[in-house]
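Enquirer: This is the structure, below, for whatever I ask next.
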Amino acid sequence: DVYCYAEDNLCHGCKVVTGSTQAEIQGTLTQVRTKDYTPPKMYIVAQEALSKQHIMVTLQVDEGAQVWCAAWTADPTNMATDYESKIKGYSTNCADGNGRECGTFW
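Right under this line is the structure:
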């Protein structure tokens, strides 16, 4: 959901009002929802091996998004057709820099 709010101000700090009261502005409030069909763009900012079993990957997304990550030592079977559930299945082995499980934070 996207929520927007605007105030009818002539300028920041102006003493002159624009002629609309707060009640009039609130009376024009309409609820409009649109579906976001554009997936977020994700960029790898940095990656670092912390140990033999741990890597740190810094990602950047261009909008609010939940991110899951997983790594395998060999190509998993059926990855091309079932990648989402395979990656999400490994979320307990993935955490952000604060220790929160992947996919549980925004």
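Our numbering applies: residue 24 is where the sequence shown begins, and numbers increase by one. Where is the CB? At the ideal position from N, CA and C, for every residue including glycine. From a predicted model like this one, the values you see are computed outputs, not experimental measurements.
1. For V25, collect the residues of the same chain with a Cβ closer than 6 Å to its Cβ; drop the 5 residues on either side in sequence, then sort them by chain order.
2. Measuring alpha carbon to alpha carbon, tell me which of T104, W95, A103, N101 ends up nearest N156.
3. Quick one, which of A103, K58, T127, V90 has its alpha-carbon nearest Y66's?
4. So, are the CB atoms of C125 and S108 less than 8 Å apart?
5. Ends of the alpha helix (DSSP H) at Q49?
6. By Cβ distance below 6 Å, which residues in the same chain neighbour K58 in space, the five residues on each side in sequence not counted?
7. Any idea what DSSP makes of C117, helix, strand or coil?
8. Compare the C-beta of M79 against all C-beta atoms of chain B and say whether one is closer than 8 Å.
Expert: So, from the data block:
1. Taking the first residue of the sequence shown as position 1, residue 25 is located at position 2. For V25, the pLDDT reaches just 48, beneath the cut-off of 50, and the residue's location in the model is therefore unreliable, although a value from the coordinates is still provided. Counting only Cβ-Cβ distances below 6 Å, and skipping sequence neighbours, we find nothing.
2. Nothing can be reported for residue 156, as the shown portion of the chain is limited to 24 through 129.
3. Along the sequence shown, read from residue 1 onward, the residue named residue 66 stands at position 43. If you compare the alpha carbons of A103, K58, T127, V90 with that of Y66, the shortest gap goes to V90.
4. Taking the sequence shown and counting its residues from 1, the one referred to as residue 125 is at position 102. Taking the sequence shown and counting its residues from 1, the one referred to as residue 108 is at position 85. No, they are not a contact pair.
5. In the sequence shown, residue 49 corresponds to position 26, counting from 1. Counting along the chain, the unbroken alpha helix (DSSP H) around Q49 starts and ends at 45 to 50.
6. Position 35 of the sequence shown holds residue 58. Hits under 6 Å: none found.
7. Numbered from 1 along the sequence shown, position 94 holds the residue referred to as residue 117. Collapsing the DSSP output to three states places C117 in coil.
8. Absent here is chain B; the protein component of the structure consists of one chain.
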